[in-house]
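Peer 1: Below are the structure tokens for one structure; questions will follow.
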Amino acid sequence: MFVWPWIGIVVNIPTHFKDGKYAGESGSKLRDQKDWSGFTNAMSFEKFYEANHHGRRNWLVKNEKKMDLYGWVARADDYNSRDLRTISDIMEEEARKTNKLVGNLTNVIEAKKMHLLEMEKIFNDHEKLKFQLETQKRDLELRGQELMKRETHNEMERKKLTEDLEQKEKEKLHKRIILLEKQLDAKQAVQLEIEQLRGKLNVVKHMGDEGDLEVLNKVEMLLKSMREKEGELEDLESLNQTLIVQERMKNDELQDARKEMVNRMGELDSKPFHRAMKRRYSEAEADERATELCSLWEEYLRDPEWHPIKVVNIDGKHEAQAIINEDDEKLKDLKETYGVEVHNAVTTALFEVNEYNPSGRYITSELWNYNEGRRATLKEGVEVLLKEWKFHKRKRGMD
Numbered sequence: 001m002f003v004w005p006w007i008g009i010v011v012n013i014p015t016h017f018k019d020g021k022y023a024g025e026s027g028s029k030l031r032d033q034k035d036w037s038g039f040t041n042a043m044s045f046e047k048f049y050e051a052n053h054h055g056r057r058n059w060l061v062k063n064e065k066k067m068d069l070y071g072w073v074a075r076a077d078d079y080n081s082r083d084l085r086t087i088s089d090i091m092e093e094e095a096r097k098t099n100k101l102v103g104n105l106t107n108v109i110e111a112k113k114m115h116l117l118e119m120e121k122i123f124n125d126h127e128k129l130k131f132q133l134e135t136q137k138r139d140l141e142l143r144g145q146e147l148m149k150r151e152t153h154n155e156m157e158r159k160k161l162t163e164d165l166e167q168k169e170k171e172k173l174h175k176r177i178i179l180l181e182k183q184l185d186a187k188q189a190v191q192l193e194i195e196q197l198r199g200k201l202n203v204v205k206h207m208g209d210e211g212d213l214e215v216l217n218k219v220e221m222l223l224k225s226m227r228e229k230e231g232e233l234e235d236l237e238s239l240n241q242t243l244i245v246q247e248r249m250k251n252d253e254l255q256d257a258r259k260e261m262v263n264r265m266g267e268l269d270s271k272p273f274h275r276a277m278k279r280r281y282s283e284a285e286a287d288e289r290a291t292e293l294c295s296l297w298e299e300y301l302r303d304p305e306w307h308p309i310k311v312v313n314i315d316g317k318h319e320a321q322a323i324i325n326e327d328d329e330k331l332k333d334l335k336e337t338y339g340v341e342v343h344n345a346v347t348t349a350l351f352e353v354n355e356y357n358p359s360g361r362y363i364t365s366e367l368w369n370y371n372e373g374r375r376a377t378l379k380e381g382v383e384v385l386l387k388e389w390k391f392h393k394r395k396r397g398m399d
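In full-length UniProt numbering, the protein residues as written are 1 to 399.
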């Protein structure tokens, strides 16, 4: 019994490995024919394979390895073996496989796209990070150049100040040498007059007799004159020593008075830092940490790129006022970590630097009224100097 519609069976179709699996020619190349002409063609198909010993009986023989194609017309036992499919079934299965393959490939493509998007995102993040690092590098290089310029400027200023001090010391020493030379000339002149008087005295002694009144008077006058000159010489030496002592004392007094009057504007007060650290650490460790923190904030104060002070207009007045930016991250963190006292020390130094040297941001010396916390006038400075001078004068009088 034959199967209708007529079905031709072809086995041992060659396959090849592709995309991770084995595949052969598609069954869609064969077509069903349900009429008698189709049966005739089917039988011709079977006879062709039987003539070449590649029919059904030859396929079922188990004693040899089969490499070629075998074919025959499907019968009842082929149908009952449940391994028989129509061309439509094969085409549907091929379509399902194709759709499944397309779906798998679509999923692979989507996964590749997602991976590509992730790689693009990582690449863009790296480019942004690279740009930020390059920007930071340029900023650091510019800051380094600025620091070198400031260091060079400070070195030139220190050199100029040293030269000025040396020049003043030279001028002072020159004046001192001239004064000493004058005193030495005066001393030598007095000594010469004394020697001349002694010579005259000896001459007079040898000229007259022992009882000659005129000779005795001359000797008495010469002795008196010689004693006066010796007294003048002693007075000159005493005056010289007195001037030296007074000069040293006045210099010490002026230095003490200067320390009392001069304030270094923009210099950071280290005492609040030490007190804050002593509340956190031991005595020895607190001093070291306070010094480190104070040095760090001195560097911040000299940084021209840091702008924690902003200028605002006063309500009702046509004038501006400089105030601390309360949103500055550095100052906020300092206040939260170490307290108000340390924060106030830094802001005080900031205002001083901003007022007295906003462009260079380095420490300047200023005549200062400590009682009222402001710049001292020239009159106040002179009054303090006179007060110190009178105090030291009274102290010397008591000694």
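Backbone N, C-alpha and C fix where the C-beta goes; we use that ideal spot for every residue, glycine too. These numbers were taken from a predicted model, which means no experiment stands behind them.
Are there 16 or more other CB atoms within 10 angstroms of the CB of P304, so buried, or fewer, so exposed?
Peer 2: Here residue 304 corresponds to residue number 304 of the sequence shown, with the count starting at 1. Answer is exposed; the Cβ neighbour count stays below 16.
Peer 1: In or out: H343 buried (at least 16 other Cβ within 10 Å) or exposed?
Peer 2: In the sequence shown, the residue the question calls residue 343 occupies position 343. So H343 ends up on the buried side.
Peer 1: If you draw a straight line from the alpha carbon of K65 to that of I13, how long is it in whole angstroms?
Peer 2: Translated into the one-based positions of the sequence shown, residue 65 becomes position 65. Translated into the one-based positions of the sequence shown, residue 13 becomes position 13. If you take the alpha carbons of K65 and I13, they lie about 14 angstroms apart.
Peer 1: Classify M1: buried if its beta carbon has 16 or more other beta carbons within 10 angstroms, exposed otherwise.
Peer 2: The residue given as residue 1 occupies position 1 in the sequence shown. Answer is exposed; the Cβ neighbour count stays below 16.
Peer 1: What residue range does the beta strand (DSSP E) around G38 cover?
Peer 2: Looking up residue 38 in the sequence shown gives position 38. No beta strand (DSSP E) holds G38; the alpha helix (DSSP H) holding it covers 36–51.
Peer 1: Does the structure place the stretch 114–134 close enough to the stretch 272–282 that three or more beta carbon pairs sit under 8 angstroms?
Peer 2: As far as the Cβ criterion goes, the stretch 272–282 does not touch the stretch 114–134, which means the pair count is below three.
Peer 1: With H, G and I counted as helix, E and B as strand and the rest as coil, what does DSSP make of V11?
Peer 2: Along the sequence shown, read from residue 1 onward, the residue named residue 11 stands at position 11. Residue state, collapsed to three classes: strand.
Peer 1: Could you pull out every residue in the same chain whose Cβ sits closer than 8 angstroms to the Cβ of V108, ignoring the five residues on either side in sequence?
Peer 2: Residue numbering aside, residue 108 sits at position 108 when the sequence shown is read from its first letter. No residues qualify anywhere along the chain.
Peer 1: Would you say the beta carbon of N154 is closer than 7 angstroms to some non-hydrogen atom of the ligand GTP?
Peer 2: Only the bare structure without any ligand can be found here, which leaves the ligand GTP out of the picture.
Peer 1: Distance cutoff 8 angstroms, beta carbons only. Does E93 sit that close to anything in chain B?
Peer 2: Among the chains of the structure shown, chain B does not appear; only one protein chain is present.
Peer 1: Cα separation between E237 and E171?
Peer 2: Counted from its first residue, the sequence shown places residue 237 at position 237. Counted from its first residue, the sequence shown places residue 171 at position 171. Each residue's alpha carbon lies about 24 angstroms from the other.
Peer 1: By the DSSP assignment, the beta strand (DSSP E) with K66 in it spans what residues?
Peer 2: The residue given as residue 66 occupies position 66 in the sequence shown. Segment: none, K66 is in no beta strand (DSSP E) and carries neither H nor E.
Peer 1: Thinking V3 and L69 are a contact (beta carbons under 8 angstroms), I'd like their distance in whole angstroms, please.
Peer 2: Along the sequence shown, read from residue 1 onward, the residue named residue 3 stands at position 3. Along the sequence shown, read from residue 1 onward, the residue named residue 69 stands at position 69. With a Cβ gap of about 20 angstroms, V3 and L69 do not count as contacting.
Peer 1: Which class does N313 belong to by DSSP, given the choice of helix, strand or coil?
Peer 2: Indexing the sequence shown from 1 puts residue 313 at position 313. It is a strand residue.
Peer 1: Provide the residue(s) that pair with V73 in DSSP beta bridges, ordered along the chain.
Peer 2: For the purposes of this step, residue 73 is taken as residue 73 along the sequence shown, with counting starting at 1. The partner list for V73 (beta bridge, DSSP) reads G8.
Peer 1: Between G8 and the rest of its own chain, which residues show a CB-CB distance below 8 angstroms, the 5 nearest in sequence each way excluded?
Peer 2: As a first step, residue 8 must be located in the sequence shown, where it is residue number 8. Here the set comprises L30, A42, F45, E46, G71, W72, V73, A74.
Peer 1: Label L57 either buried or exposed according to how many other C-beta atoms from any shown protein chain fall within 10 Å of its C-beta, with 16 as the threshold for buried.
Peer 2: Residue mapping note: residue 57 aligns to position 57 of the sequence shown, counting from 1. Position check: residue 57 holds Arg in this sequence, whereas Leu was assumed. Burial call: exposed.
Peer 1: Span of the alpha helix (DSSP H) holding F273?
Peer 2: Position 273 of the sequence shown, counting from 1, holds the residue named residue 273. Segment 271–278, the alpha helix (DSSP H) holding F273.
Peer 1: Taking the straight line between their C-alpha atoms, what separation do you get for L140 and M148?
Peer 2: The count along the sequence shown starts at 1 and reaches residue 140 at position 140. The count along the sequence shown starts at 1 and reaches residue 148 at position 148. Distance between the alpha carbons of L140 and M148 is about 12 angstroms.
Peer 1: Measuring CB to CB, does L334 end up less than 8 angstroms from P308?
Peer 2: Here residue 334 is taken as the residue at index 334 of the sequence shown, counted from 1. Here residue 308 is taken as the residue at index 308 of the sequence shown, counted from 1. No, the pair does not count as a contact, with Cβ atoms beyond the cut-off.
Peer 1: Looking at the unbroken alpha helix (DSSP H) that takes in L334, where does it start and where does it end?
Peer 2: As a first step, residue 334 is located in the sequence shown; it is residue number 334 there, counting from the start. Per DSSP, L334 belongs to the alpha helix (DSSP H) from 329–338.
Peer 1: Return the Cβ separation of L268 and E292 in integer angstroms, given the expectation that the two are a contact with Cβ distance under 8 angstroms.
Peer 2: Taking the first residue of the sequence shown as 1, we reach residue 268 at position 268. Taking the first residue of the sequence shown as 1, we reach residue 292 at position 292. About 13 angstroms separates the two Cβ atoms, so there is no contact after all.
Peer 1: How is the alpha helix (DSSP H) around residue 480 delimited, first residue to last?
Peer 2: One cannot answer for residue 480 here, as it falls past the ends of the chain, which runs 1 to 399.
Peer 1: Just list the residues that DSSP pairs F2 with in beta bridges.
Peer 2: Residue 2 sits at position 2 when you count from the first residue of the sequence shown. DSSP lists R75 as partners of F2.
Peer 1: Take D327 as the anchor and find which of Q321, K310, E341 has the nearest alpha-carbon.
Peer 2: Residue mapping note: residue 327 aligns to position 327 of the sequence shown, counting from 1. If we check each option's Cα against that of D327, K310 comes out closest.
Peer 1: What residue range does the alpha helix (DSSP H) around Y300 cover?
Peer 2: Sequence index remark: in the sequence shown, residue 300 carries index 300 (1-based). First-last of the alpha helix (DSSP H) with Y300: 283–302.
Peer 1: Considering only residues of the same chain and omitting the five flanking positions on each side of K182, which have a CB-CB separation below 6 angstroms?
Peer 2: The sequence position of residue 182 within the sequence shown is 182, counting from 1. So no residue of the chain qualifies.
Peer 1: Going along the chain, which residues of its own chain have a beta-carbon closer than 6 angstroms to the beta-carbon of E341, five neighbours each way excluded?
Peer 2: Here residue 341 corresponds to residue number 341 of the sequence shown, with the count starting at 1. Counting only Cβ-Cβ distances below 6 angstroms, and skipping sequence neighbours, we find P272.
Peer 1: Rounded to whole angstroms, how far is the Cβ of K229 from the Cβ of V190, which I believe are closer than 8 angstroms?
Peer 2: Numbered from 1 along the sequence shown, position 229 holds the residue referred to as residue 229. Numbered from 1 along the sequence shown, position 190 holds the residue referred to as residue 190. The pair is a contact, with the Cβ atoms about 5 angstroms apart (cut-off 8 angstroms).
Peer 1: For a quick check, are the C-beta atoms of H274 and A284 less than 8 angstroms apart?
Peer 2: Numbered from its first residue, the sequence shown carries residue 274 at position 274. Numbered from its first residue, the sequence shown carries residue 284 at position 284. No, these two residues do not count as a Cβ contact at 8 angstroms.
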